[in-house]
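Following: one structure in structure tokens, then a few remarks.
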Amino acid sequence: MNEVAFSIDGRELSAPAGTTVLEAALQHGIYIPHLCHHPDLDPAGVCRLCMVHVEGKGLAISCRTPVEPGLVVSTEHPQSDQARRVALELLLVNHPPDCLGCARNTRCELQRATAYIGVDAERMKRLRRTAPDRPIDKSNPFFDLDHNKCVLCGICVRTCDELQGIGAIDFAFRGFNSAISTFADKPIIDSRCVSCGECVARCPVGALAPKRSLPPAREVKTICPYCGVGCGIHLGLRGNQVVGVRGDRDNPVNRGSLCVKGRFGWEFIHSPDRLQHPLIRRKGRFEPATWDEALTTVAERLGGIRAAHGPDALGVLSSARCSNEENYLLQKLTRAALSTNNIDHCARL
Ligand code: SF4
Ligand code: SF4
Ligand code: SF4
Ligand code: FES
């Protein structure tokens with residue numbers, strides 16, 4: 014692809030043709046405030062925070078301006094500074110002022126943009142309107158939607174529509190009452206939403222937030238254990254406790270995307286109800302047993318059934334959660350040791 018040479022803030026840079034000014038800046042470590050930009054989505058150009066000045070052209074929205082040969086971009090220009098400041102103030106006048114209790118605190122793009130652009134606290138006090146007081150939609154078991162923190166960037170709508178192909182949410186109402194909503198403004202649990210959480214992972218502020226995840230102390234890169242797709246994940250840990258999961262964008266299988274099980278189904282890991290040793294039913298009650306006892310019992314019962322009714326009285330169900338190697342060994346055991354071809358797996362259940 015053709016490389017295009019241009020400059021940002023006096024730095025001579027280059028990027029492939031078709032790259033936007035915002036993408037090029039971020040790729041070269043130059044921060045331009047942004048809310049509605051996400052690398053997975055086509056640019057929408059709705060938040061107006063990414064305003065820059067282009068020599069000979071004036072103000073430009075950097076997320077929708079492709080780099081051109083000889084383009085001279087300034088991220089710090091009085092005109093662009095004023096324009097993005099006004100856009101930011103218009104968002105903040107209706108935004109809840111308390112970040113400390115917010116799930117996104119310190120990882121919020123609105124906070125970051127505010128810290129970067131800077132606002133006059135006294136002026137904000139005068140401008141600030143009563144924050145909207147819409148009830149938080151807590152109907153989904155895995156995440157909440159707090160309309161009061163929503164900046165209407167539309168990333169969730171585009172994610173659900175363009176990436177997931179579901180279209181469970183969209184903009185509704187008009188003017189000051191504009192909000193993200195479901196069909197007929199029902200609670201999200203009663204919509205077409207499949208709880209994949211892709212919108213939650215991309216929301217730049219605390220409007221869409223997981224119910225239970227905590228910021229991790231460290232992360233471990235691994236593979237989701239739920240199905241044979243094998244999506245890449247980062248397990249978030251505090252001590253030895255798993256406190257959240259995020260998709261691995263570098264993994265070629267899922268490129269960061271996850272389904273509801275992979276993203277939210279991690280709490281079982283520390284459940285006290287998990288089986289920690291084999292159980293054998295004796296006189297109608299499950300009792301803890303050693304692996305030797307359990308395996309001997311299984312071998313005796315399988316042998317007994319085969320002796321009494323023939324090998325085809327047996328059937329084995331394997332699991333899509335096993336590795337290929339484990340599934341290979343199980344079919345080998347079924348065919349070679351149990352002498353039946355009755356082997357299937359759970360992927361179609
Ligand atoms: S969404 Fe961001 S700016 Fe708003 S309360 Fe949460 S952390 Fe603060
Ligand atoms: S969780 Fe998934 S299906 Fe539900 S609204 Fe978000 S992107 Fe759409
Ligand atoms: S819920 Fe989040 S992603 Fe959706 S429009 Fe509001 S701020 Fe943007
Ligand atoms: S990031 Fe460019 S308009 Fe929102």
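Anchor point for the sequence shown: position 205 equals 218 in this note's numbering, and the numbering is continuous, going up by one each time. We put the beta carbon where it would ideally sit given N, CA and C, even for glycine. Being a predicted model, the structure only gives us computed values, none of them experimental.
- Taking 8 angstroms as the cut-off, the Cβ atoms of E122 and P217 count as close.
- Per DSSP, the continuous alpha helix (DSSP H) segment holding A128 begins and ends at E122 to I130.
- In the DSSP assignment, I21 is bridged to R24 and V86.
- Secondary structure of E81 (DSSP, three-state): coil.
- Shown here, K274 sits in a helix according to DSSP, grouped into three states.
- Distances between the C-beta of R98 and the heavy atoms of ligand 4 are all 7 angstroms or more.
- At a Cβ-Cβ threshold of 8 angstroms, I182 and C166 do not count as neighbours.
- Looking only at R77, T353 and G83, the smallest Cα-Cα distance to R24 is reached by G83.
- In this structure, L248 is the residue among L248, C212 and P265 with its C-alpha nearest to the C-alpha of G257.
- Residue pairing by DSSP places Q92 in no beta bridge whatsoever.
- 8 angstroms or more divides the Cβ of E232 from the Cβ of L221.
- In the three-state reduction of the DSSP assignment, P324 falls in the helix class.
- Burial state of A28 is buried, judged by a 10 Å Cβ sphere holding 16 or more other Cβ atoms.
- Here the distance from the Cβ of G219 to the nearest heavy atom of ligand 1 is below 7 angstroms.
- Assignment of F186 by DSSP, reduced to helix, strand and coil, places it in the coil class.
- A straight line joining the alpha-carbon of Y239 with that of I130 spans about 44 angstroms.
- Within the chosen limit of 7 angstroms, ligand 4 reaches the beta carbon of L35 through at least one heavy atom.
- Collapsing the DSSP output to three states places D357 in a strand.
- Taken atom to atom, the span from the alpha-carbon of R314 to that of A321 is near 11 angstroms.
- G210 and F277 do touch by the CB rule: their CB atoms are close to 6 angstroms apart, below 8 angstroms.
- Placement of the Cβ of A181 at a distance of less than 7 angstroms from at least one heavy atom of ligand 2 is found.
- For E280, no alpha helix (DSSP H) run applies, since DSSP gives it neither H nor E.
- With a threshold of 16 other beta carbon atoms within 10 Å, I149 falls short and is exposed.
- Counting along the chain, the unbroken beta strand (DSSP E) around V255 starts and ends at Q254 to G260.
- With a threshold of 16 other beta carbon atoms within 10 Å, W304 falls short and is exposed.
- When the beta-carbon positions are compared, L327 and L351 come within less than 8 angstroms of each other.
- Pairwise C-beta distances place the region 70-83 in contact with the region 30-37, as three or more of them are shorter than 8 angstroms.
- Between S20 and V85 the beta-carbon gap is near 5 angstroms, inside 8 angstroms, which marks them as a contact.
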